[in-house]
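J.: My questions all concern the structure below.
Numbering (the working numbering), first residue to last: 984 to 1465.
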């Protein structure tokens, strides 16, 4: 059957007009149509725009309703070709079940519009092949079809269509209307994509800000205990060696400057956090940036540096590091009238950074001293767990303790019950929990009001010749302090 097709340039797409007596030349083959329907790039864009789900789209629905009204066509819809079925983001003028499911399997006229990539106007579907073979000619009574492809980033992602149940010559104004509305939908999709990119950029920037704020907060928190210990040790030296006042003056001046610098940094951090434009609170920072993600700036080079032969750094002897921690906090304990005692008997090794372990253990001891009464005892202990292959460290105080409700939230970042003798930032237990989990272990807190609190961290023993223990799920009874 000989025929010709009329093409004309329009603002939206070329026109492929099929009159009642004509067959369409140069139609894509069935294989070409299926290939276009399953093209990965097109499907990815279509899915990203939400055109393959059941959610309604207000902008698309408005366009579908408008073209039906202005063309006076009985049915209008926006169709997106999926790998198995067509999805109608909006459809008007049909009854159930199509109005409810908004999907259709099998060959449809949308497949041809997608594959051609141009406006397709068919005056009489029953007058010629292959149109009369399309199932919707029988199921929906499609006698005339007008469809305009909708593109996004160079791919056809859908088509805006109207159909009639009687043969119909589509007028120039009707074609121009559908093409203009298709362009409107394309602009809507482009704006959404640009907005999505902008939001992703903003999210990345916010994550960088949160990461920086976490770094600053953790560093300032970690500096508190050793800096206080330094100040107290300096004061003790001045008292014991008054003749060395001049020699100690420079050290005292440097210590004062360091304290002022830390105070200024913390003040600026709190001002940013409390500003109306702040992106998130400290609590949100803790959930978005895992402990250790910014450790490169926090941790000494020895924590992560490989050994001279290129192997990973050796695990730490737990008890030896805890001895250094106990010595560090002794000046603070003496100032506050507290006693720090140690029971270190783990003999184990842990695969964590020395700097991180010093800071976390020091912070736990500092917390324990904050919540202890004058004359009380704070205990630092370690040992082997009842479950083979695990070691533990614990800090116990005889202070004010916590209620079960407080224990449940005490490891949340920013939590502070306000019972301590000194201001608490609410970071210590949150950092300790993340640190424990980073090393493959876990943190447990037990407390009784007016009797004290115990914080216990368990790790796999990483010492030489020790078999890797099973993942900590339902452990044997954890060893407790006597």
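By construction, the Cβ of each residue, glycine as well, lies at the ideal position given by its N, Cα and C atoms.
(1) Could you give the uninterrupted runs of the beta strand (DSSP E) lying entirely in the region 1086 to 1123, keeping only those of 3 residues or more?
(2) Between residue 1427 and the rest of its own chain, which residues show a CB-CB distance below 6 Å, the 5 nearest in sequence each way excluded?
(3) What are the boundary residues of the beta strand (DSSP E) that includes residue 1132?
(4) Cα separation between residue 1116 and residue 1072?
(5) According to DSSP, is residue 1418 part of a helix, a strand, or is it coil?
(6) Short check: CB of residue 1070 to CB of residue 1055, under 8 Å?
(7) Could you check the C-alpha separation between residue 1107 and residue 1184 for me, to the nearest Å?
(8) What does the alpha-carbon distance come out to for the pair residue 1447 and residue 1196?
(9) Would you list, in sequence order, the uninterrupted beta strand (DSSP E) runs of no fewer than 3 residues that lie entirely inside the region 1000 to 1068?
(10) Strictly by DSSP, which residues pair up with residue 1147?
(11) Less than 8 Å separating the beta-carbons of residue 1385 and residue 1430?
(12) Which two residues bound the contiguous alpha helix (DSSP H) that contains residue 1475?
(13) Applying the 10 Å Cβ sphere with the 16-neighbour rule, what's the burial state of residue 1012?
(14) Using three-state DSSP, classify residue 1445 as helix, strand or coil.
(15) Assuming residue 1168 contacts residue 1143 under a Cβ cut-off of 8 Å, what Cβ separation, rounded to an integer in Å, is found between them?
(16) Is the Cβ-Cβ distance between residue 1068 and residue 1087 less than 8 Å?
(17) Quick check on residue 1376: buried or exposed, where buried means 16 or more other Cβ atoms within 10 Å of its Cβ?
(18) Can residue 1474 and residue 1305 be called in contact, C-beta distance under 8 Å?
(19) Just to confirm my understanding: we take residue 1042, look at its own chain, exclude 5 residues before and 5 after, and list those with CB closer than 6 Å. What are they?
(20) For the region 1208 to 1215 against the region 1305 to 1315, do three or more pairs of beta-carbon atoms, one drawn from each stretch, fall closer than 8 Å, so that the two count as touching?
(21) Residue range of the beta strand (DSSP E) that residue 1370 falls in?
(22) Give me the residue from 1060, 1382, 1075 with the minimum Cα distance to residue 1132.
(23) Please say whether residue 1145 and residue 1077 have beta carbons closer to each other than 8 Å?
(24) Note down the Cα distance separating residue 1153 from residue 1047, rounded to an integer number of angstroms.
(25) Which of the three DSSP states, helix, strand or coil, is assigned to residue 1379?
(26) Can you give the Cα-Cα distance for residue 1339 and residue 1308, rounded to whole angstroms?
(27) State the beta-bridge partners of residue 1141 as determined by DSSP.
(28) So what does DSSP say about residue 1458, is it helix, strand or coil?
(29) Quick one: give me the first and last residue of the beta strand (DSSP E) that residue 1428 is part of.
(30) Where does the unbroken beta strand (DSSP E) through residue 1323 begin, and where does it stop?
(31) Using 7 Å as the cut-off, classify the Cβ of residue 1041 as near or not near the heavy atoms of the ligand ATP, replying yes or no.
(32) If we ignore side chains and look at the alpha-carbon of each, how far apart do residue 1127 and residue 1155 end up?
(33) Taking the DSSP output, what are the residues bridged to residue 1362?
(34) Could you give the residue range of the alpha helix (DSSP H) that holds residue 1314?
(35) Can you grab the Cα-Cα spacing for the pair residue 1378 / residue 1224, in whole Å?
T.: Per the coordinate set shown:
(1) 1086 to 1088, 1102 to 1105
(2) 1439
(3) 1127 to 1135
(4) 25 Å
(5) helix
(6) no
(7) 50 Å
(8) 38 Å
(9) 1058 to 1064
(10) 1127
(11) yes
(12) Only positions 984 to 1465 of the chain appear in the structure, and residue 1475 is not among them; the question remains open.
(13) exposed
(14) coil
(15) 7 Å
(16) yes
(17) buried
(18) Residue 1474 lies beyond the stretch modelled for the chain, which goes from 984 to 1465, so this question has no answer here.
(19) 1171
(20) yes
(21) No beta strand (DSSP E) contains residue 1370, which DSSP labels as neither H nor E.
(22) 1060
(23) no
(24) 17 Å
(25) strand
(26) 11 Å
(27) 1133
(28) A caution first: residue 1458 carries a pLDDT of 36, below 50, which makes its placement in the model unreliable, though a value can still be read off. The answer is coil: DSSP assigns residue 1458 none of H, G, I, E or B.
(29) 1425 to 1431
(30) 1322 to 1327
(31) Looking for the ligand ATP in the displayed structure turns up nothing, as the structure carries no ligands at all.
(32) 15 Å
(33) 1324, 1379
(34) 1301 to 1318
(35) 34 Å
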